[in-house]
Amino acid sequence: MGGGLLNFLLVWMLVLALLCYCHKIGRLVDKGTTRLFAILPVICIFLLLPLDISIFSLRALSSFFLSWLASFKLLLFALDQGPLSPRPPLSLPLFIALACLPITIRQNPPPNFQELVTVNGNQDLEKLVNGEDNDTPSQELPKKGLISTPLKYFIKFLLLVSFGYLYTKEEYIHSKIILLVYVIHIYIGLELILAMVGTVARAFLRVELEPQFDEPYLASSLQDFWGKRWNLMVTSVLRPAVFNPVKSIFSRFMTKKWTPLPAAMASFLVSGIMHELIFYHIGRRKPTWEVTGFFLLHGVCLTIEIVIKRELNCSWGLPRVVAAPLVVGFVVATAVWLFMPTVVRCKIDVEARMEIIAFINSVKAEDEYIHPKIIWLLNVIHIYIGLKVILAMVGALARACLGVELEPQFDVPYLSSSLQNF
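Structure below.
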């Protein structure tokens, strides 16, 4: 594993150097074709770099961060659009962080990613595509529920750990149930990883970031699920990179009333292709296009949902208690059918387990060679994190039971500027 980590570090050192180059290009070259040709080689390198990483988990994350998010952000940057092209220009550290990490700076007020079009005084169809119509109950929900964010993550972490026991009894469990567990595992694992990356980035950059997920299991429709709740970092790059350009192109051939429909289908198609690329990086197997079929199916269903709502001029929707299980059930069922076979074929579950076991064994083997002072340092960090988690759980439960807002128990002490501040 040591050689794999070294290789991973070398890859990301190259990434940092290339992003420094892109930042300089942005200052020297005007937007348009010239800047695009200057940045295009970097995008091509980012599409291939994950293949040089031998550790499975790091290869998967690097594929998502670099081949998808960073490549699309740089493509938008070449055209002076997207999160890398604000006014005034970004500093180099902020540019690098926004380019290669799944984060988006929260604006106040929030940025409007699309031009809203109203036809004959009716509800804008593009709002429907993005789940922003008045019928979407997600607007009515308070952002802060009874369970605090730290407690939610802790509960999800415990659920993730509990899957380990299920995997040991896999031969006694129906294969479809195991696939269902894999779906939940992927969601929780991805959300926790992105949340950790966001937390570290927020601490170092001192900026407020947009959330990466917004409780997708509470979605009231497919529009709400894909547009406002699931993996919002992908949504934030697909909208300016795919949805808006396709909508603009089709506005030449059809009325603005219907242009969001092909734009939505194009977004799902691109999403499917990028997922195929990530799975190719992970498993290094020829794509079967089942994953693309999964996203195209959801694009078709979402389009039908929009057309029905538009034609019937619906001003009502199913209660969330009914709609959410239907939406989540449909997403999970189609994922088990079309998405998860590729996960199994790439042996993602097997690779993940093997890496965890190898890491634990390597730590045990190297423990006797670690200086006692370093062990003490690790114990100090362990005590701090454990105390913080326990107090956060107690505070979250008290807040839920008492219905009052409480003062935080810690305030990132590792960012103290003095002993007095600490």
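Each residue of the sequence shown is one higher than the one before, starting from 1 at the first, in full-length UniProt numbering.
Glycine residues also receive a C-beta, built at the ideal position from the N, C-alpha and C atoms.
These numbers come from a predicted model, not from an experiment.
DSSP bridge partner residues for residue i (one or two, in chain order)
| i | result |
| --- | --- |
| isoleucine 105 | Leu209 |
Of the residues the options, the one placed nearest residue i, counting alpha carbons only
| i | options | result |
| --- | --- | --- |
| proline 216 | Arg206, Ile184, Phe204 and Asp411 | Ile184 |
| leucine 218 | Arg345, Leu387, Leu415 and Ala324 | Ala324 |
| threonine 342 | His298, Ser221, Asn421 and Phe279 | Phe279 |
| proline 86 | Arg106, Trp68 and Leu69 | Arg106 |
| isoleucine 308 | Leu296, Trp258 and Ala70 | Trp258 |
| tryptophan 12 | Ser220, Leu406, Pro413 and Leu101 | Leu101 |
| isoleucine 193 | Leu48, Phe157, Glu407 and Leu66 | Phe157 |
| valine 234 | Leu406, Ala392, Arg202 and Leu190 | Leu190 |
| residue 423 | Leu209, Phe46, Ala392 and Arg285 | Limits of the chain in this structure are 1 at one end and 422 at the other, which puts residue 423 out of reach. |
| leucine 40 | Asp30, Ile188, Ser71 and Phe65 | Ser71 |
| alanine 38 | Ile188, Leu9, Tyr172 and Leu79 | Leu79 |
| leucine 415 | Arg206, Phe56, Ser57 and Ile188 | Arg206 |
| isoleucine 188 | Tyr167, Glu311, Ile155 and Leu166 | Ile155 |
| phenylalanine 339 | Leu179, Leu16, Asn7 and Leu49 | Leu179 |
| serine 62 | Pro287, Leu14, Val291 and Arg310 | Leu14 |
Between the CA atoms of residue j and residue i - distance to the nearest angstrom
| i | j | result |
| --- | --- | --- |
| leucine 90 | asparagine 231 | 24 angstroms |
| valine 237 | isoleucine 375 | 43 angstroms |
| phenylalanine 253 | phenylalanine 243 | 16 angstroms |
| proline 240 | leucine 377 | 46 angstroms |
| serine 418 | isoleucine 390 | 26 angstroms |
| proline 110 | proline 372 | Residue placement at proline 110 cannot be trusted, given a pLDDT of 46 that sits under 50; what the coordinates show is reported in the next sentence. Rounded to the nearest angstrom, the two C-alpha atoms are 49 angstroms apart. |
| residue 424 | methionine 274 | Nothing in the structure corresponds to residue 424, since the chain is present only between 1 and 422. |
| residue 506 | alanine 333 | Residue 506 lies beyond the residue range present for the chain, which begins at 1 and ends at 422; the question has no answer from this structure. |
| glycine 403 | glutamate 170 | 42 angstroms |
| tyrosine 153 | glycine 395 | 14 angstroms |
| serine 54 | glycine 293 | 29 angstroms |
| proline 260 | phenylalanine 163 | 40 angstroms |
| lysine 347 | valine 29 | 44 angstroms |
| glutamate 276 | phenylalanine 422 | 48 angstroms |
| alanine 203 | leucine 160 | 25 angstroms |
| serine 175 | valine 331 | 18 angstroms |
| threonine 33 | isoleucine 249 | 19 angstroms |
| valine 246 | lysine 256 | 12 angstroms |
| alanine 60 | alanine 398 | 38 angstroms |
| threonine 288 | valine 336 | 15 angstroms |
| isoleucine 173 | glutamine 81 | 49 angstroms |
Contacting residues, own chain, Cβ-Cβ under 8 angstroms from residue i (five flanking each side not counted)
| i | result |
| --- | --- |
| valine 214 | Sequence check: residue 214 is aspartate here, not valine. Closer than 8 angstroms at the Cβ level, and outside the excluded window around aspartate 214, lie Ser138, Lys228, Arg229 and Leu232. |
| leucine 84 | Gly26, Lys73, Leu74, Leu76, Phe77, Leu90, Phe95, Leu98 and Ala99 |
| leucine 296 | Met265, Phe268, Leu269 and Gly272 |
| glycine 299 | Ala264, Met265, Ser267, Phe268 and Leu269 |
| leucine 318 | Ser220 and Leu326 |
| valine 291 | Gly272, His275, Glu276, Phe279, Leu338, Phe339 and Thr342 |
Endpoints, alpha helix (DSSP H) assigned at residue i
| i | result |
| --- | --- |
| phenylalanine 295 | 290 to 311 |
| methionine 274 | 260 to 283 |
| valine 328 | 320 to 334 |
| methionine 254 | Here methionine 254 belongs to no alpha helix (DSSP H), and DSSP marks it neither H nor E. |
| cysteine 100 | 92 to 100 |
| cysteine 44 | 33 to 48 |
| proline 341 | 340 to 345 |
| alanine 60 | 56 to 62 |
| proline 245 | 244 to 250 |
| alanine 219 | That residue, alanine 219, is in no alpha helix (DSSP H); it is neither H nor E in DSSP. |
| serine 236 | 232 to 238 |
| alanine 241 | Note, alanine 241: premise wrong, no alpha helix (DSSP H); not H, not E. |
| alanine 70 | That residue, alanine 70, is in no alpha helix (DSSP H); it is neither H nor E in DSSP. |
Chain-order list of residues whose beta-carbon lies under 6 angstroms from that of residue i (same chain, five-residue window excluded)
| i | result |
| --- | --- |
| leucine 18 | Val42 |
| leucine 5 | none |
| glutamine 420 | none |
| isoleucine 103 | Gly198, Ala201 and Leu209 |
| lysine 388 | Phe410 |
Neighbourhood of residue i by C-beta, 7 angstroms cutoff - its chain only, sequence neighbours within 5 removed
| i | result |
| --- | --- |
| leucine 51 | His281 |
| phenylalanine 46 | Leu66, Ser67, Ala70 and Ser71 |
| leucine 92 | Cys20 and His23 |
| leucine 222 | His298, Cys301, Leu302, Glu305 and Val327 |
| phenylalanine 8 | Ile53, Ile55 and Leu58 |
| phenylalanine 225 | Pro216, Ala219, Val327 and Val331 |
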